[in-house]
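Chemist: Quick one: the structure is below, questions incoming.
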Amino acid sequence: MELENEMISSSSSSSAGSREYKVVMLGAGGVGKSAMTMQFISHRFPDYHDPTIELEVGYLSMLDTSLAEFTAMRDQYMRGGEGFIICYSITDRQSFQEAAEFKELIYRVRHTYDIPLVLVGNKIDLEEFRQVSTEEGMSLAREYSCSFFETSAALRFYIDDVFHGLVREIRRKEFSLVE
Ligand code: GDP
Numbered sequence: 004m005e006l007e008n009e010m011i012s013s014s015s016s017s018s019a020g021s022r023e024y025k026v027v028m029l030g031a032g033g034v035g036k037s038a039m040t041m042q043f044i045s046h047r048f049p050d051y052h053d054p055t056i057e058l059e060v061g062y063l064s065m066l067d068t069s070l071a072e073f074t075a076m077r078d079q080y081m082r083g084g085e086g087f088i089i090c091y092s093i094t095d096r097q098s099f100q101e102a103a104e105f106k107e108l109i110y111r112v113r114h115t116y117d118i119p120l121v122l123v124g125n126k127i128d129l130e131e132f133r134q135v136s137t138e139e140g141m142s143l144a145r146e147y148s149c150s151f152f153e154t155s156a157a158l159r160f161y162i163d164d165v166f167h168g169l170v171r172e173i174r175r176k177e178f179s180l181v182e
C-alpha cells in the first residue's frame, strides 16, 4: 500500500491542475487488490490516455483494505472514499460471500447506498478453479445497482475498464449533484 500511494503521489506532480479521485478497494485478502492496482498504475498511469476522462483524472488514491483490518482505520478510509471497488476472486467462494457484505459496511459508514461502486470478480485466468459463476457476480451487481467486471490482474484483462468505469460513476454522481 505504501508503495502504491508513493507511486501515485509522484505521478501527480506531473499533472498539475488535474483531479484526484479517491478510490477505496475492498475485498478479502488475496483476491488481487494490490495486483489490480499495480497493473493499472504501472502500465497505464504515467501516460494515461482516455479521451473521455483524461483531463479530469489526476491520480487515484488507492486504499486497500479487507474486512479483517483494523476497524477505525478502515472506517476512516471509507469516509474519505469517493468511489469503491469491491473485489472477490472467482476461485474463492468465501471471498464472494465477503463481497456481499461490503455494501452494508459502506452504508454503516456513509449512511447512503448512493455511492459510486464497481464489483469485480478477479482471476479469470484461473478458469479451471472457478468457484463463483459469472451469473452469480452479475446477480450481486444487480443487487448493488453497480457495474460488474470479471478481470485478470495477472493478464491485465479488463483492469482499465474497472478504474475507468468507476471514475465515470464518480463523475456522473458529481454532475447529478450540480444539476
Ligand atoms: P490482495 O491481498 O487482495 O491485495 O491480493 P494480491 O494482489 O496480493 O494477490 C494475492 C495473490 O494472488 C498473489 O499471489 C497474486 O500474484 C495473485 N493474483 C492476483 N491477481 C491474480 C490474477 O488475476 N490471476 C492469478 N492467477 N493470480 C492473481
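Residues in the sequence shown are numbered from 4 upward in steps of one, following the working numbering.
Even glycine gets a Cβ: it sits at the ideal position worked out from N, Cα and C.
These numbers come from a predicted model, not from an experiment.
Alpha carbon to alpha carbon, how far is residue 34 from residue 136?
Modeler: Locating residue 34 in the sequence shown gives position 31, counting from the first residue. Locating residue 136 in the sequence shown gives position 133, counting from the first residue. Their backbone Cα atoms lie some 16 Å apart in a straight line.
Chemist: Where does residue 154 land, buried or exposed, given buried means 16+ other C-beta within 10 angstroms?
Modeler: Position 151 of the sequence shown, counted from the first residue, corresponds to residue 154. Residue 154 should be labelled buried.
Chemist: Spatial neighbours of residue 151 within its chain, please: CB distance less than 8 Å, with the 5 preceding and 5 following residues excluded, ordered by chain position.
Modeler: As a working note, residue 151 is residue 148 in the sequence shown. Here the set comprises 121, 122, 123, 124, 140, 141, 143 and 144.
Chemist: Could you tell me how far apart the beta carbons of residue 156 and residue 79 are, in whole angstroms, since I believe they sit closer than 8 Å?
Modeler: Sequence index remark: in the sequence shown, residue 156 carries index 153 (1-based). Sequence index remark: in the sequence shown, residue 79 carries index 76 (1-based). Incorrect: roughly 26 Å between the Cβ atoms, too far for contact.
Chemist: Return the chain-ordered ranges of every alpha helix (DSSP H) run that is complete within the region 96-138 and spans a minimum of 4 residues.
Modeler: Within the region 96-138, the complete alpha helix (DSSP H) runs of at least 4 residues are 96-102 and 105-113.
Chemist: Per DSSP, what kind of secondary structure is residue 23 in: helix, strand or coil?
Modeler: One-based indexing of the sequence shown puts residue 23 at position 20. Strand at residue 23.
Chemist: Could you compute how far the alpha carbon of residue 171 sits from the alpha carbon of residue 86?
Modeler: The residue given as residue 171 occupies position 168 in the sequence shown. The residue given as residue 86 occupies position 83 in the sequence shown. Each residue's alpha carbon lies about 10 Å from the other.
Chemist: In the DSSP assignment, find the unbroken alpha helix (DSSP H) run with residue 86 in it and report its ends.
Modeler: Along the sequence shown, read from residue 1 onward, the residue named residue 86 stands at position 83. Not the alpha helix (DSSP H): residue 86 falls in the beta strand (DSSP E), residues 86-92.
Chemist: Candidates 83, 127, 116 and 82: which alpha carbon is nearest residue 160's?
Modeler: On the sequence shown, residue 160 is found 157 positions in, with the first residue counted as 1. Of the candidates 83, 127, 116 and 82, the one whose C-alpha sits nearest the C-alpha of residue 160 is 127.
Chemist: Whose C-beta lies closer than 8 Å to the C-beta of residue 112 among residues of the same chain, with five residues either side of it excluded?
Modeler: The residue given as residue 112 occupies position 109 in the sequence shown. Only 78, 81 and 82 meet the Cβ criterion.
Chemist: Hey, residue 91 and residue 101 are a contact pair by Cβ (cut 8 Å); roughly how many whole angstroms apart?
Modeler: Here the question's residue 91 lines up with position 88 in the sequence shown. Here the question's residue 101 lines up with position 98 in the sequence shown. Indeed they touch by this definition, with Cβ atoms about 7 Å apart.
Chemist: Is residue 186 near ligand 1, judged by its Cβ being under 8 Å from some heavy atom?
Modeler: Outside the shown range of the chain (4 to 182) lies residue 186, about which nothing can therefore be said.
Chemist: Could you give the DSSP three-state label for residue 37: helix, strand or coil?
Modeler: By one-based count along the sequence shown, residue 37 stands at place 34. Here residue 37 sits in helix by DSSP.
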